[in-house]
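J.: Questions regarding the structure given below will be posed in turn.
Numbering (UniProt numbering), first residue to last: 1 to 946.
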């Protein structure tokens, strides 16, 4: 990964840090004197990080090209970035306009940009091309003009402007050169003039590789400092002469940054040296970071950083940035960790912030299943909301983004001093061979080191068992490892395949069987019994090419296994026998395109396949027939490699090889959103359990957390509540505003609730009453809003039971007190699924018109409707008397509506409550129990215009 970080010096843009990390060679660090770091997170995204608020904002490169370098202007308002690829551009961003807006673009290079810099007056921008480009350009970016240009004879590694702005310096392999701007400042230019450059006089050091440079500050403004890869710190005077140098006593020096009083140099094995700019005398060595292989879960106090084992190895420092105003030093290491050091007291340096990330390609993401802890049972193995990732760096990492994660939770996964998000690291390779980024370790050398991507190292796939107890992982050598989630102890290791394990899958907990299936590039599927300590049961070899996905599903109490692969086939298998589980082949579908991934819908009626032609094809599980096809990407290039459904089964998220993500409505095929920001294809994709976030992991080693739009979250939560009601579950639903709502019960109102003198309620727009819905109405609960046009065409089941005889031929109608509102006729028609069957899992034509949401409101805030027509809220003692006497009350119909009026959430009721006297229970003193009143909510029909 290529690291480039810098501080913004502006007070207006204060408290913000930013960074980029991209997977090319190491580059220079740009520093300025304010509390803002530029922190490298992904190749076509710049992340602005606020350490005080612990919040991020982002700049997205719309060209989707890899960002290779950046620099702040002296006032901190502007940011300049360089990129690579065909015809790369230099881009200038205004950080005060809308949080970051591109205001200039200069396509003056051909093959890539290695480094950029602002002049101290931020009038000019300098860009230096890659070794294939070999061009130095100076831009007057406000006038959109190239001022000067010239060629360089060597690969340039870094650039730095002198404090007076008269010249800038470039360094590289056997290269230190001073470039002068003074002669052209007063000229009226129409065409670029040749840029005047003079080489430094290197003397004995002429054969060195100079890997970083920084011009002096303050009293040492006439000096220029450079470091060599071999470990020398050199000082040049304003006449370009090498005045003096000092040995750094390290095997390799990688980066440097200069302040008024200190020079910091990042070296191998986690060493950061500090020298005096005036005399080049050694001042101190900063504390080392974590050692490679550290157990972050044990780092509950800062003293853990001081306890290192013998012969410990450390990551190399590859990028530095110094905040002169706040005396903070930010350092990036080649295991993709980032530390912010407090250097106010240079003799007692402390850690301010730290972050640990994957150092290689991430292959998979898994969410910890949403389990409920039963009374008296042991605690959950992992905090709720956690997710797990696996990578080619031979680690499996556990993350949790909940800022309110209790520090004293009963699991081994706790907040630690190393990272706020990372809870635990499982090291698969005991030798820790691939923890360091190998491309960074070999930066600056003539030969490129071996890449971890090409070897057989790395964890290729992971899966968490449905009961949340086991973690299965498959590596690129064909081995399967089973770990116990509560302590990550290895239970067993299976040498299962001859090639990388592409997919692992557990059978569903409601299938009556506990099985694990593994699929590999060696064209085999192995089935293991979980209850028998993962004893081998069966091998299936009916695919003729790599098997990309395998899934279990349970239909008609029959366990099935479905697999797809690069041989363009989908094979359905049924479980045969109760004593010895064996799968026999059923349907076989031969397609016309390669299948890269597969997903089962929430009702287990259909399977979705991600196809090479960028389409998602849906097949019926019962007969194997093709049901429908819809596009899975807005692009005209690439192939779909991932498809996932959210837990409600409404939206499907896809990943394409053009590095974009898309979210589609599974039922209509409508594209809901497109995203980009990763610099490599996305290899892992999952919705969080609460449906609020989408987690993506990529080959660039980065994890992105995407926020799902509010209306989509409401839709998914409504579907989950509907599914729970149909299954007869009583689970609290997570409402989008953060409140928890129990859809089944709420407490009985106090006695003064029915006292006409105790309730002074303002006139409201809607009537409401207290009651309980019958079964026929419960089946239609959606917790959602719909447009009037679609609701008018939808129908529900006819009512059944004791209330059926009270219905007129026209059915029930629901009418608002507003005359302009339309009447909803009940019953409505039933929607059919794509295969002609009744859709058992969603009213799939949900659309959102206006901003509405449901919210629980205490019943004690409202009165009960009387029988009047005026719409006033009046108490109804007669109804309460009927309830307490066990009599059947009158039928009341209502709806609950919450909407935004003038930016505030207003709540209204249209009741649809039918209370059966058999549902009333009394305490010994004759009062009603708290669970006597039950409330259900039905579809809201109201637009923002109404």
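No residue lacks a Cβ here, since even glycine has one placed at the ideal position from N, Cα and C.
#1: Going by DSSP, what residue range makes up the beta strand (DSSP E) through residue 401?
#2: Whose CA, out of 50, 533, 523, lies closest to the CA of residue 353?
#3: Straight-line CA distance for residue 593 to residue 252?
#4: Quick check: the stretch 71–88 against the stretch 111–128, are at least 3 beta-carbon pairs closer than 8 Å?
#5: What whole-angstrom Cβ distance do residue 516 and residue 502 have, given they're in contact under 8 Å?
#6: Put residue 226 into one of helix, strand or coil per three-state DSSP.
#7: Using a 10 Å radius around the Cβ and a threshold of 16 neighbouring Cβ atoms, would you call residue 107 buried or exposed?
#8: For a test of the three-state rule: what should DSSP assign to residue 971, helix, strand or coil?
#9: What residue range does the alpha helix (DSSP H) around residue 379 cover?
#10: Mapping the DSSP letters down to three states, classify residue 102 as helix, strand or coil.
#11: With distances taken from CA atoms, which of 478, 294, 381 is nearest residue 499?
#12: Report all residues from its chain with a CB closer than 7 Å to the CB of residue 467; omit the five preceding and five following residues, and keep chain order.
#13: Tell me the DSSP secondary structure of residue 714 in three-state form.
#14: Which one of 212, 89, 599, 159 has the shortest CA to CA distance from residue 146?
#15: Using DSSP's beta-bridge definition, name the partner residues of residue 245.
#16: Please report the Cβ distance between residue 462 and residue 471, rounded to the nearest whole angstrom; I am assuming they are in contact, meaning their Cβ atoms lie under 8 Å.
#17: Below 8 Å between beta carbons: does that hold for residue 152 and residue 254?
#18: What does the Cβ neighbour count give for residue 143, buried or exposed, with the cut at 16 atoms within 10 Å?
#19: Here's a check: name, in chain order, each residue in its chain whose Cβ is nearer than 6 Å to the Cβ of residue 429, leaving out the five neighbours to either side.
#20: If you follow the beta strand (DSSP E) that residue 643 is part of, which residue opens it and which one closes it?
#21: Out of 83, 78, 54, which one is the CA nearest neighbour of residue 62?
#22: Look at the alpha carbon of residue 201 and the alpha carbon of residue 208, and state the distance between them as a whole number of angstroms.
#23: Per DSSP, what kind of secondary structure is residue 412 in: helix, strand or coil?
#24: Based on the DSSP output, what are the partners of residue 561 in its beta bridges?
#25: Using alpha carbons as the reference points, say which of 141, 199, 368, 192 lies closest to residue 167.
#26: Give the secondary structure of residue 726 by DSSP, where H, G and I count as helix, E and B as strand, and everything else as coil.
#27: In terms of residue numbering, what span does the beta strand (DSSP E) encompassing residue 527 cover?
#28: Quick one: using the 10 Å Cβ neighbour count with 16 as the cut-off for buried, is residue 368 buried or exposed?
#29: Near residue 669, what residues of its chain come up, given a Cβ to Cβ distance below 6 Å and the 5 sequence neighbours on each side ignored?
#30: Taking the Cβ atom as the reference point for each residue, do residue 681 and residue 696 lie within a distance shorter than 8 Å?
#31: Which word fits residue 136, buried or exposed, when buried means at least 16 other C-beta atoms lie within 10 angstroms of its C-beta?
#32: Would you list the residues sitting across from residue 172 in a DSSP beta bridge?
#33: Taking only the alpha-carbon atoms, compute the straight-line gap between residue 452 and residue 392 and give it to the nearest angstrom.
#34: Below 8 Å on the Cβ atoms is my contact criterion, and I expect residue 565 with residue 587 to pass it. Report the Cβ-Cβ distance as a whole number of Å.
#35: Considering only the alpha carbon of each residue, which of 507, 323, 390 lies closest to residue 529?
#36: Kindly confirm or deny that the stretch 677–694 and the stretch 339–350 touch, where touching means at least three C-beta pairs closer than 8 Å.
T.: Taking the geometry as given:
#1: That residue, residue 401, is in no beta strand (DSSP E); it is neither H nor E in DSSP.
#2: The residue with the shortest Cα to Cα distance from residue 353 is 50.
#3: Distance between residue 593 and residue 252, taken at the CA atoms: about 50 Å.
#4: By the Cβ criterion, the stretch 111–128 is in contact with the stretch 71–88, since at least three pairs of Cβ atoms, one from each stretch, lie closer than 8 Å.
#5: Contact flag wrong, Cβ pair sits at about 14 Å.
#6: Strand, per DSSP.
#7: Residue 107 is exposed by the Cβ-count criterion.
#8: For the chain, the structure presents residues 1 to 946; residue 971 sits outside this window and is missing.
#9: For residue 379, no alpha helix (DSSP H) segment is defined, and its DSSP state is neither H nor E.
#10: Taken through DSSP and simplified to helix, strand or coil, residue 102 comes out as strand.
#11: Taking only the C-alpha atoms, the option nearest residue 499 is 478.
#12: Excluding five sequence positions before and after residue 467, the CB atoms of its chain that fall closer than 7 Å to its own CB belong to 509, given in chain order.
#13: Of the three classes helix, strand and coil, the one that applies to residue 714 here is helix, per DSSP.
#14: Out of 212, 89, 599, 159, 89 has the C-alpha closest to the C-alpha of residue 146.
#15: Residue 245 pairs with 234.
#16: 7 Å between Cβ atoms; contact.
#17: The Cβ atoms of residue 152 and residue 254 do not sit closer than 8 Å to each other.
#18: Within 10 angstroms of the beta-carbon of residue 143 lie fewer than 16 other beta-carbons, which makes it exposed.
#19: Closer than 6 Å at the Cβ level, and outside the excluded window around residue 429, lie 394.
#20: Its beta strand (DSSP E) spans residues 640–645.
#21: For residue 62, the closest C-alpha among the options 83, 78, 54 is that of 83.
#22: Between residue 201 and residue 208, the C-alpha separation is close to 13 Å.
#23: In the displayed model, residue 412 falls within coil according to three-state DSSP, outside both helix and strand.
#24: Answer is 552, 573, bridged to residue 561.
#25: Residue 199 is the option with its Cα nearest to residue 167.
#26: Reduced to three states, the DSSP call for residue 726 is helix.
#27: Where residue 527 is concerned, the enclosing beta strand (DSSP E) stretches over 525–529.
#28: Around the CB of residue 368, 16 or more other CB atoms lie within 10 Å, so the residue is classed as buried.
#29: Correct list, in chain order: 630.
#30: Not in contact: residue 681 and residue 696 (Cβ atoms no closer than 8 Å).
#31: Residue 136 should be labelled buried.
#32: Assignment of beta-bridge partners to residue 172 by DSSP yields 156, 175.
#33: Legend: pLDDT at residue 452 = 43, less than 50; position of this residue unreliable, value from coordinates given subsequently. The alpha-carbon of residue 452 is positioned some 7 Å away from that of residue 392.
#34: Actually they are not in contact, since the Cβ atoms of residue 565 and residue 587 sit about 15 Å apart, beyond 8 Å.
#35: Considering only 507, 323, 390, the residue with the shortest C-alpha distance to residue 529 is 507.
#36: Inter-segment contact for the stretch 677–694 and the stretch 339–350 is absent: fewer than three beta-carbon pairs are separated by less than 8 Å.
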